[in-house]
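Below: the structure, in structure tokens.
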Amino acid sequence: MDVTKLTAEKKAHYCKRYTIIGAFFLPLVWLTSLVSFTPFALNGPPSEHRTTVRKCLVVALIGVLMWTVALISWESIFQYYRTLHAVWTENFSFSLPIGKF
Numbered sequence: 001m002d003v004t005k006l007t008a009e010k011k012a013h014y015c016k017r018y019t020i021i022g023a024f025f026l027p028l029v030w031l032t033s034l035v036s037f038t039p040f041a042l043n044g045p046p047s048e049h050r051t052t053v054r055k056c057l058v059v060a061l062i063g064v065l066m067w068t069v070a071l072i073s074w075e076s077i078f079q080y081y082r083t084l085h086a087v088w089t090e091n092f093s094f095s096l097p098i099g100k101f
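Quick note: the sequence shown, position 99, residue 99 per the UniProt record's numbering, numbers continuous.
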């Protein structure tokens, strides 16, 4: 979808929709929303629709950052304990079957 051809009202509508969809644990939707609607939110005269889009983008940015921190934390903890041969890490390992270190 080419967002540059949409009206300001439609852009605000789609940005709100993407923010709500992203709230259901879909951070890639938030990331797509950030990439698509940031030029509209930052360029041009202030309006009600741009304010709505900016609010949605702030929520999306916070969500993407939280997901990024959570995934990096999880991966770091998992890899650390995996090197210590923790039993619970064997259950989550796909490349090495249980008991095959």
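The C-beta atom is built at its ideal place from N, Cα and C for all residues, glycine as well.
The beta-carbon distance between Val64 and Phe37, rounded to whole angstroms, is 13 angstroms. This is too long to meet the 8 angstroms contact definition. Under the three-pair Cβ rule at 8 angstroms, the segment 13-22 counts as touching the segment 55-64. Taken through DSSP and simplified to helix, strand or coil, Ala86 comes out as coil.
It is roughly 19 angstroms from the alpha-carbon of Pro46 to the alpha-carbon of Lys5.
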